[in-house]
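To keep things clear, I will list the structure first and then write my remarks on it.
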Amino acid sequence: MKSTFTFLLLQGAVLSGYGQQVTTFLNSATEKVNDGMVLDRAGNLYGSHYAGANVYKVEPDGTTTTFATGFDTPNGLAFDSQENLFVADLAGGHIYKLSHTGTFLDTIDVSNPSGIIKAAGSDTMIFTQYYSHTINKLAPDGTIVPWFSGAPLNGPVGLAVDSAGNVFVGNFNDRKIYRLYPDSLAYVATVPGPSTGWLGFITYTRGMLWGTSFNSHKIYSIHPYELDSVSLFAGGAVGSLDGPVGTARFNSPNGIIASLGGDSLYISEANTGKVRIIADLHTTGGINEELRMENEGGALVVFPNPGHDEISVKLSKPIVRVEVLNLQGAMVAVSGNQKIPVRELVPGMYMVKVYTDDGMATGRFMKR
2 MKSTFTFLLL QGAVLSGYGQ QVTTFLNSAT EKVNDGMVLD RAGNLYGSHY
52 AGANVYKVEP DGTTTTFATG FDTPNGLAFD SQENLFVADL AGGHIYKLSH
102 TGTFLDTIDV SNPSGIIKAA GSDTMIFTQY YSHTINKLAP DGTIVPWFSG
152 APLNGPVGLA VDSAGNVFVG NFNDRKIYRL YPDSLAYVAT VPGPSTGWLG
202 FITYTRGMLW GTSFNSHKIY SIHPYELDSV SLFAGGAVGS LDGPVGTARF
252 NSPNGIIASL GGDSLYISEA NTGKVRIIAD LHTTGGINEE LRMENEGGAL
302 VVFPNPGHDE ISVKLSKPIV RVEVLNLQGA MVAVSGNQKI PVRELVPGMY
352 MVKVYTDDGM ATGRFMKR
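Numbering (our numbering) for the sequence shown: 2 to 369.
Below is the structure:
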């Protein structure tokens, strides 16, 4: 008798929140960090005071000093490999390059720069232009190389780079997140919020994207390779309560970055200038998906995930047929063994059906 097995997805898309604690790292009447942030290799935090003039340095023990001043609206921050700090000054119309001691080294003229992040494997900086709805690359020699402009970008600010070097961008205006390709964007998810609500910044750690829902005072986890796989992680009603992540409260969370070890999140609050920390993130797994049969104890594994030329499947029972289906249910590839060529498929999410002599297992993978 044939049977269809039920599977549990062992991924980080849904996080329990148990054991994680929220604390207030910066709470100053005069020194405010309410926007972009970045960490240096020593664990010092640098944060922007948007609509202020300063970028602050906060040491691990909480000691806070003015690192640099004279900005108009300092927004995104990023370090290169030499720990030179890049500051995107949105209203000022410049990207500034500063030494690790705060000396101004260079000024790049560019209208409305907002988010900025270092590319993987090089000192090229990737930056967004909020009003121009544009993403560009800034080469180490100061050359600006356009990457993508226009819809669906809508006030892009947040940027994140995953462990494979893939770049993600978040729209401040409509809370949509996209993955960047050399000549296109791929939709990932929309972070929940009111119809006129904003998405602050995004970051990547533990196999997940994380984003701040500015107006709803919440932090969400977003699966980078599934469509609209978004889970509420922290927050609710507006407030400033520390404690367990399930009951802690935030006030317009905006900036968000991961700790150097990836086990904590730093969150800046737009309305208060506080910096909060969510510590002890649960391990959320990697990109490879593993699906386990709830009633048999076996496991279906689809790898590599994302895949490009070929994917493979493993199952605890002998495999007789593998089908790949698009999200409309149409079969687009088939194989009689564990390896399936996918080179000709367009990038996106696909379902996998794996048939055995007495049942069927289902999984999914992302074609990049």
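For glycine and all other residues, C-beta sits at the position ideal for the given N, C-alpha and C.
Helix, strand or coil for residue i? Go by DSSP, reduced to three states.
{"i": "F72", "result": "coil"}
{"i": "F215", "result": "coil"}
{"i": "R365", "result": "strand"}
{"i": "Y351", "result": "strand"}
{"i": "N174", "result": "coil"}
{"i": "G299", "result": "With a pLDDT of only 45 at G299, under 50, the local geometry of the prediction cannot be trusted, and the value read off the model is given with reservation. Coil at G299, not helix or strand."}
{"i": "A89", "result": "strand"}
{"i": "N306", "result": "coil"}
{"i": "I145", "result": "strand"}
{"i": "S232", "result": "strand"}
{"i": "F251", "result": "coil"}
{"i": "L78", "result": "strand"}
{"i": "I136", "result": "strand"}
{"i": "K1", "result": "A question about residue 1 goes unanswered here, because the residues of the chain that appear run from 2 up to 369."}
{"i": "Y205", "result": "strand"}
{"i": "T357", "result": "strand"}
{"i": "T64", "result": "coil"}
{"i": "W199", "result": "coil"}
{"i": "E311", "result": "strand"}
{"i": "P342", "result": "strand"}
{"i": "P245", "result": "strand"}
{"i": "E227", "result": "coil"}
{"i": "A190", "result": "strand"}
{"i": "E290", "result": "Confidence at E290 is low in this model, with a pLDDT of 32, below 50, so its placement is unreliable and the value that follows should be read with caution. Strand."}
{"i": "T284", "result": "Its pLDDT being 38, under 50, T284 is placed unreliably in this model, and the coordinates cannot settle the point."}
Measure the Cβ-Cβ separation of residue i and residue j and say whether it is below 8 Å.
{"i": "F26", "j": "R277", "result": "yes"}
{"i": "L261", "j": "L282", "result": "no"}
{"i": "K368", "j": "V335", "result": "no"}
{"i": "A89", "j": "K119", "result": "no"}
{"i": "F169", "j": "A161", "result": "yes"}
{"i": "G274", "j": "V34", "result": "yes"}
{"i": "S112", "j": "G93", "result": "no"}
{"i": "I376", "j": "I178", "result": "Residue 376 cannot be examined here, being either before or after the span of the chain that is shown, 2 to 369."}
{"i": "M332", "j": "E345", "result": "no"}
{"i": "V59", "j": "G71", "result": "no"}
{"i": "S269", "j": "D36", "result": "yes"}
{"i": "S317", "j": "Q339", "result": "no"}
{"i": "D124", "j": "D81", "result": "yes"}
{"i": "F105", "j": "I96", "result": "no"}
{"i": "T363", "j": "P319", "result": "no"}
Give the single residue among the options whose Cα lies nearest to the Cα of residue i.
{"i": "N327", "options": "V347, G208 and E84", "result": "V347"}
{"i": "Q83", "options": "T104, F68, S100 and G360", "result": "S100"}
{"i": "E32", "options": "N252, I312 and G63", "result": "G63"}
{"i": "G122", "options": "T104, N167 and T108", "result": "N167"}
{"i": "A190", "options": "M361, T24 and M350", "result": "M350"}
{"i": "G308", "options": "L316, A280 and V353", "result": "V353"}
{"i": "S29", "options": "T67, I136 and S232", "result": "T67"}
{"i": "G236", "options": "Y205, A152, I136 and P193", "result": "P193"}
{"i": "A280", "options": "P183, E311, P245 and N255", "result": "P245"}
{"i": "S133", "options": "A249, G151, V146 and M361", "result": "G151"}
{"i": "Y51", "options": "F304, S185, N272 and Y188", "result": "N272"}
{"i": "T135", "options": "T108, K98 and S185", "result": "S185"}
{"i": "S164", "options": "G116, R207 and P183", "result": "R207"}
{"i": "G53", "options": "T65, A249, N76 and A43", "result": "N76"}
{"i": "G116", "options": "D107, Y131 and Y182", "result": "Y131"}
{"i": "Q22", "options": "L139, A249, N85 and V56", "result": "A249"}
{"i": "L210", "options": "D243, G263 and Y182", "result": "G263"}
Going by DSSP, name the residue or residues bridged to residue i.
{"i": "V39", "result": "Y47"}
{"i": "D107", "result": "K98"}
{"i": "I257", "result": "I268"}
{"i": "R277", "result": "T25 and I268"}
{"i": "S185", "result": "Y182"}
{"i": "I117", "result": "F128"}
{"i": "V56", "result": "S49 and A69"}
{"i": "A161", "result": "F169"}
{"i": "Y221", "result": "G212 and L233"}
{"i": "V325", "result": "A334 and V353"}
{"i": "S150", "result": "T135"}
Tell me whether residue i, by its Cβ, gets closer than 7 Å to a heavy atom of the ligand COA.
{"i": "V302", "result": "Looking for the ligand COA in the displayed structure turns up nothing, as the structure carries no ligands at all."}
- Item | Stretch-stretch touch, CB-based, cutoff 8 Å, three pairs: the stretch 190–199 with the stretch 211–219 | yes
- Item | Segment contact, 8 Å Cβ cut-off, at least three pairs: the stretch 174–181 with the stretch 148–156 | yes
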